[in-house]
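Residue numbers (this note's numbering): 23 to 156.
Built from N, CA and C at the ideal position, the CB exists for glycine as well.
In this text, all values refer to a predicted model and were calculated from it rather than measured experimentally.
Laid out in structure tokens, this is it:
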């Protein structure tokens, strides 16, 4: 019986060593997991801190909002477009005036041509009258 007990104790000691070894392995795994968790939490904390700094920097930035920059430019653009429209209207009016003056000039040229023709006829008639009077 002593041999049986000795064998049993030996098996139990073997099991105990195996269990202790397994427990030690599990403890090492748990420690690794805890270390990874700490590292990840530290990285997350650093990322959150960086994000907070970025947001704070955006709020504290001296740069005015984009609307404040765009509004005067849009107003200036609107004025420039209005000025362009006025200039286009002026160009149209000048075109009409130019066409009107060209038409008047053509009419004057025709009148001068007719007057020259009449003057030439009068000249011819005067010459004939002078010849007849001689």
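Straight-line Cα distance separating residue j from residue i
| i | j | result |
| --- | --- | --- |
| residue 129 | residue 156 | 40 Å |
| residue 103 | residue 86 | 26 Å |
| residue 96 | residue 88 | 12 Å |
| residue 50 | residue 28 | 32 Å |
| residue 34 | residue 42 | 12 Å |
| residue 140 | residue 150 | 15 Å |
| residue 70 | residue 59 | 16 Å |
| residue 143 | residue 134 | 14 Å |
| residue 45 | residue 80 | 52 Å |
| residue 124 | residue 93 | 46 Å |
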